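Working notes, beginning with the structure itself.
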Amino acid sequence: MEITRLEHRESFITADGSSIRELAGVPSGNAVNQSLAEATVPPSGETFEHFHRVSEEIYYFTSGAGRLRLGDEEADVKAGDMVVIAPGTKHKLWNPGAEPLVLLCCCSPAYSHEDTVLLEGE
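Residue numbers for the sequence shown follow the working numbering, beginning at 8 and rising by one.
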C-alpha cells in the first residue's frame with residue numbers, strides 16, 4: 008500500500024501553464040491508467056487554451072473562484088463545482104480574483120504533455 012500526501016509532492020508546470028502537484032500518475036510511478044493532481048492558477052493568472060487528444064478530464068474546484076471556457080461556452084466556477092471535459096474539447100481557466108484558484112484534476116488515461124495540444128501561448 009502506498010499512501011501519498013499532497014504536501015510531499017513538488018509542483019511542476021504543465022503544458023497549459025498551470026502549476027500542479029501530482030498525487031497519482033505516470034511520473035509518480037503509482038498509476039498508469041489515470042492521474043490525479045492538484046492544479047493552481049494564481050491570482051490574475053490564466054492557463055493556455057488547449058485540448059487533450061485522448062484524455063478525459065474531471066475538474067473539481069477546491070478553493071477560489073474563476074472562469075472556465077469549455078468549447079464555445081463560458082461560466083463562472085468556484086469551490087465545490089465539478090466539470091467533466093471530454094477528449095478533444097478546448098478549455099481554458101482564468102483567475103481574475105485575489106486568491107489562488109485551486110482544483111483537483113483527474114485524467115484518464117493519465118496526463119501527458121504529448122496528449123496536450125496548445126491553441127495559444129506557443
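Don't be surprised by glycine CBs; every beta carbon is placed ideally from N, CA and C. If you're wondering where the values come from, they're calculated on a predicted model, not measured in any experiment.
Between the alpha carbons of ALA38 and GLU29, how many angstroms are there, rounded?
11 Å
Top-ranked residue by Cα proximity to LEU2, from THR123, LEU43, MET89
For residue 2 there is no data in the structure shown, the boundaries of the chain being 8 and 129.
What's the call for PHE19, buried or exposed, on a 16-neighbour Cβ count within 10 Å?
exposed
Residues bridged to HIS142 by DSSP?
The chain is shown from 8 up to 129; residue 142 falls before or after that span and cannot be answered.
With burial defined as no fewer than 16 other Cβ atoms inside 10 Å of the residue's Cβ, what is the status of SER62: buried or exposed?
buried
Could you check what DSSP says for GLU121 in three-state terms: helix, strand or coil?
helix
Which residues in the same chain as CYS113 place their Cβ atom closer than 6 Å to its Cβ, once the five residues preceding and following it in sequence are excluded?
LEU43, ILE65
First through last residue of the beta strand (DSSP E) which encompasses ILE92
89-92
Buried or exposed for GLU53, please, with buried defined as at least 16 other CB atoms from any protein chain shown within 10 angstroms of its CB.
buried
Kindly give me the distance between the Cβ atoms of ALA46 and LEU110, rounded to whole angstroms, as I take these residues to be in contact under 8 Å.
5 Å
When we look at the beta-carbon of SER70 and count the other beta-carbons within 10 Å, is it buried (16 or more) or exposed?
exposed
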